[in-house]
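What follows is one structure encoded as structure tokens, with my remarks underneath.
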Amino acid sequence: MPRQMLFVQAINEALHIAMQTDPDVILLGEDIAGGGGRKEQGIEEAWGGIMGATKGLYKAFGPERVLDTPISEMGFLGVAVGAAATGLRPVAELMFMDFLGVSLDPLLNQAAKLRYMFGGKARVPLTVRTSSGAGLRSAAQHSQTLYGITIAIPGLKTVCPSTPADAKGLLLASIRDDDPVVFCEPKSLMFTGGEVPEGDYTVPLGEAAVVREGSDVSLVGVGKTVHIALEAAEALAADGTSAEVLDLRSLQPLDEEAILATLAKTGRLVVIDEAPPRCSIASDVAALCVDRGFDSLNAPVKRVTAPHAPVPFSPTLEDLFVPSAQHVVAAVRSMS
Amino acid sequence: MDLSRDALLDAYRQMRTIRGFEEKLAELVTAGKLAGFLHLYAGEEAVAVGVCSHLSDRDIVTSTHRGHGHCIAKGVDVRGMMAELFGRSTGICKGKGGSMHIADLDRGMLGANGIVGAGIPLATGAALTAKLKRNGGVAVAFFGDGATNQGQFHEALNIAAVWCLPAIYVVENNGYGEATPTEFVTPVKDIAERAASYAMPSAVVDGMDFFDVRAKAGEAIARAREGGGPTLLECKTYRYYGHYVGDPLTYRRKEEAEEVRQLRDPLDLLERRAVEAGVVDADALRAIDGEVAAELEAAVAWAEQSPLPTADDVLRDVYVSG
């Protein structure tokens, strides 16, 4: 029986391995120890981060390597950049990606640019783990999918896994990468399960994966929308339409060849994204298909995305906001 | 005087180099030979040199848009700096950084910075590295009075205090944030008072006086090296050239800079004290003046003759890999 694990446990395991195998790896963020280590009060283990992704790490690696920060996202991300540029390999937890709003400068103007501005002398091996997307009924300021911002900043890499196995392998690859990586953890997937290989392995950055073979249409997703694509592919199969599903996994670098290859195979492509449509990965993929895959296209590229609106609170509205398999099936039918 | 003759001559040479470098740049801009914004450090030399006289390559500094002085005081090669400002491939950052991002990690110089206040958390991170690696190093953030109204200043000082990091925060209070007088935008009389919010020791320093800077920075740096945590030093200083080269200086009296030059010039003060103490003689200083002038002329000539970067350089060093 292959080993099953939750997404959040796979992340936790990757952090354990990264810290065991490299003494320069440190963790910092809000509540990541969460008051752990108060032995005098009988408390050795506490929150381990808002999602519990860092649970047990404080006990295993101690207060020097698992640092609770003040609620100062700009400050501690800046500290993480400075630490990364001088010899540590920090993994910072930005509790919700929405908090980029108060913390962007260290990523935008520092981490992304030091190496370039310094003529190649600096390395910034920083990983910023952050939870993205809707699904926890947490409304407009705790539900955004903002990787469109980080993808657009040269010097940063951006990753977003869809399975626990990839979460572990991509996180280890991100931490060991010498460039700054924004690692998006779709919050709607954090407590979903899957098979996770034992031991130390990496999934290379910049490589998409075909997660379902098909011949009539390509469905391209990332993070949560990979699961929406798989659900849609199942529904389409019942109709006799064979859909291929491509999981982008990395958004920068983007595996353009894998996108063009699946398009060449099927001639039709739908890209599905949790983010609103403007200046988005969905628009990037569509543009790529038109620009470099035009001869393969037998139908217009379709984008199935969240609308150009903030994420609403009401569960009824949030469910309407997030792209669904029904949207994808409708898009595919509209192409034929 | 606790300084040896050699140490004093070194300090004087660095201060003279900074002054000469900045005056040369002003000349080159006027002649239309340099591109971009230039923020000159002339008038503030005692701060960078006084603080950095306690540092070695393992110690990290972060700087500001007004960063040439910190580079020179930290030992960055003047020829490489000049070539950088000329946008040449021989520049210390291969022509990719320019004045506002000049850096040399081999000398522990983690960059000038075009974002006001952004170097402060970077230095704090460098101090975290020094603490966790137990390498005996410290990190110094230089920044202006204006940066102390940025959130990054407050967030970083708070973090450094709660983690007891070997960091020294050096405010160069030159009386103006760009064109706005400090008192228009800062309610405290002395910025050093802000350290109280972070239970951090602080001192007000005469930033025109090399000896005062050296003494107070020395205490702070020694405390940091011994595990005593961070310090905020407010160095009261003055910038001769205004915010940038070309600043119309409409916000200050015409005579103001001249008065400061006459009464408080940091090079004059150093010379007077050192000569009065009998440690050095004026002839030795004049010899240094000549050597520095020649070195700067040579740096300009070398920069002007250096090759320009090529199209391939646009995409080089965006990433380490991929």
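Protein sequence lines, in the order shown, are assigned to chains A and B.
Sequential numbering from 122 applies to the first sequence in my numbering.
Sequential numbering from 862 applies to the second sequence in my numbering.
Quick reminder that beta carbons are idealized off the backbone N, C-alpha and C, glycines included.
Exercise. Chain B beta carbons: is any one of them nearer than 8 Å to that of residue 251 of chain A?
Worked result: Interface criterion not met: the Cβ of residue 251 of chain A is under 8 Å from no Cβ in chain B.
Exercise. Using a Cβ-Cβ cut-off of 6 Å (strictly less than) and excluding sequence neighbours within five positions of residue 332 of chain A, which residues of its own chain qualify?
Worked result: Result list for residue 332 of chain A: 366 and 368, in chain order.
Exercise. What's the gap between the Cα of residue 1039 of chain B and the Cα of residue 973 of chain B?
Worked result: Residue 1039 of chain B and residue 973 of chain B: Cα-Cα distance of roughly 16 Å.
Problem set entry | Neighbour list for residue 982 of chain B in chain A, Cβ cutoff strictly below 7 Å | Within 7 Å Cβ-Cβ: 196, 199, 200, 203 and 227.
Problem set entry | Beta-carbon proximity of residue 211 of chain A to residue 253 of chain A, cut-off 8 Å | Not in contact: residue 211 of chain A and residue 253 of chain A (Cβ atoms no closer than 8 Å).
Exercise. Between which two residues does the beta strand (DSSP E) harbouring residue 980 of chain B extend?
Worked result: Taken as a continuous stretch (DSSP letters only), residue 980 of chain B belongs to no beta strand (DSSP E), being part of the alpha helix (DSSP H) at 980 to 994.
For this session: Taking 8 Å as the threshold, find out whether the segment 1064 to 1084 of chain B comes into contact with the segment 885 to 899 of chain B through three or more Cβ pairs.
Result: No contact exists between the segment 1064 to 1084 of chain B and the segment 885 to 899 of chain B.
Problem set entry | Option in B:916, B:1021, B:1143 and B:1105 with minimal Cα separation from residue 1088 of chain B | A check of alpha carbon separations from residue 1088 of chain B across B:916, B:1021, B:1143 and B:1105 identifies B:1021 as the nearest.
For this session: Below 8 Å CB to CB, which residues in the same chain sit around residue 918 of chain B once its five sequence neighbours on both sides are set aside?
Result: Within the same chain, residue 918 of chain B has close Cβ partners 936, 967, 968 and 969.
Exercise. Can the beta-carbon of residue 444 of chain A be found closer than 8 Å to that of residue 349 of chain A?
Worked result: Their beta carbons are under 8 Å apart, which means residue 444 of chain A touches residue 349 of chain A by this criterion.
Exercise. Run through DSSP, which three-state label would residue 226 of chain A get?
Worked result: Helix, per DSSP.
For this session: Rounded to whole angstroms, what's the CA-CA distance from residue 1116 of chain B to residue 944 of chain B? Just pull it up for me.
Result: Distance between the alpha carbons of residue 1116 of chain B and residue 944 of chain B: 34 Å.
For this session: Could you list which residues in chain A have their beta carbon closer than 9 Å to that of residue 1182 of chain B, in chain order?
Result: Annotation: Cβ neighbours of residue 1182 of chain B in chain A (cutoff 9 Å, chain order): 298, 299, 300 and 326.
Exercise. Chain B partners of residue 265 of chain A, CB-CB under 9 Å?
Worked result: The contacting residues do not exist; residue 265 of chain A stays about 21 Å from chain B at best.
For this session: Establish whether the CB of residue 241 of chain A and some CB of chain B are separated by less than 8 Å.
Result: Interface residue, yes.
For this session: Kindly indicate which three-state DSSP category residue 891 of chain B falls into: helix, strand or coil?
Result: Residue 891 of chain B carries a helical assignment under DSSP once its states are collapsed to helix, strand and coil.
Problem set entry | Beta-carbon contacts of residue 216 of chain A that lie in its chain and below 6 Å, excluding the five residues immediately before and after | Listed in chain order, the non-local C-beta contacts of residue 216 of chain A below 6 Å within the same chain comprise 151 and 171, local neighbours out to five positions each way being set aside.
Exercise. Residue ranges of each beta strand (DSSP E) run of no fewer than 3 residues wholly in the segment 1068 to 1123 of chain B, ordered along the chain?
Worked result: Counting only runs of 3 or more, we get 1092 to 1097.
Exercise. With a cut-off of 8 Å, does the C-beta of residue 939 of chain B fall near any C-beta of chain A?
Worked result: Output row for residue 939 of chain B: interface = no.
For this session: Take residue 1078 of chain B as the anchor and find which of B:1058, B:1152, B:1033 and B:975 has the nearest alpha-carbon.
Result: Closest by alpha carbon: B:1033.
Problem set entry | Per DSSP, cross-strand counterpart(s) of residue 373 of chain A | The beta-bridge partner set that DSSP reports for residue 373 of chain A consists of A:279.
Exercise. Can you tell me the Cα-Cα spacing of residue 288 of chain A and residue 200 of chain A, whole angstroms?
Worked result: Distance between the alpha carbons of residue 288 of chain A and residue 200 of chain A: 25 Å.
Exercise. Which value, in whole angstroms, describes the spacing of the CA atoms of residue 195 of chain A and residue 227 of chain A?
Worked result: Straight-line Cα distance between these residues: approximately 7 Å.
Exercise. Which residue's Cα is closest to the Cα of residue 1065 of chain B: B:1172, B:1051 and B:899?
Worked result: Among B:1172, B:1051 and B:899, the Cα nearest to that of residue 1065 of chain B belongs to B:1051.
Problem set entry | Spatial distance of residue 1080 of chain B from residue 926 of chain B (CA atoms) | Residue 1080 of chain B and residue 926 of chain B have their C-alpha atoms spaced approximately 27 Å apart.
Exercise. Which residues of chain A have a Cβ atom closer than 9 Å to the Cβ of residue 922 of chain B, listed in chain order?
Worked result: Per Cβ cutoff of 9 Å: no residues; residue 922 of chain B is ~11 Å from chain A at best.
For this session: Could you pull out every residue in the same chain whose Cβ sits closer than 7 Å to the Cβ of residue 821 of chain B, ignoring the five residues on either side in sequence?
Result: Coverage of chain B is limited to positions 862 through 1183, which leaves residue 821 of chain B absent and any answer about it impossible.
For this session: Could you say which of B:1149, B:1125 and B:1010 lies nearest to residue 1045 of chain B if we only look at CA atoms?
Result: The candidate whose alpha carbon is nearest that of residue 1045 of chain B is B:1010.
Problem set entry | Given residue 388 of chain A as reference, the closest of A:324, A:421 and A:321 once Cα atoms are compared | It is A:421 whose Cα lies nearest to the Cα of residue 388 of chain A.
Exercise. For the ligand PLP, any of its heavy atoms closer than 7 Å to the Cβ of residue 1054 of chain B?
Worked result: Ligands displayed in this structure: none; no statement on the ligand PLP is therefore possible.
Exercise. Where does residue 214 of chain A fall in DSSP's three states?
Worked result: Note: residue 214 of chain A maps to strand in three-state DSSP.
Exercise. Does the distance from the CB of residue 238 of chain A to the CB of residue 178 of chain A come in under 8 Å?
Worked result: Not in contact: residue 238 of chain A and residue 178 of chain A (Cβ atoms no closer than 8 Å).
Exercise. From residue 206 of chain A to residue 1016 of chain B, what does the alpha carbon distance come to, in whole angstroms?
Worked result: Using only the alpha carbons, I get a separation of about 19 Å.
Exercise. Which of helix, strand or coil does DSSP assign to residue 950 of chain B?
Worked result: Three-state result, residue 950 of chain B: coil.
Problem set entry | Near-chain E residues of the segment 1004 to 1016 of chain B (beta-carbon distance less than 7 Å), N- to C-terminal order | In the displayed structure, chain E is absent; the protein chains listed are A and B.
For this session: Anything in the segment 264 to 295 of chain A with a Cβ closer than 8 Å to a Cβ of chain B? List those residues in chain order, please.
Result: Cβ contacts with chain B come from 275, 276 and 278.
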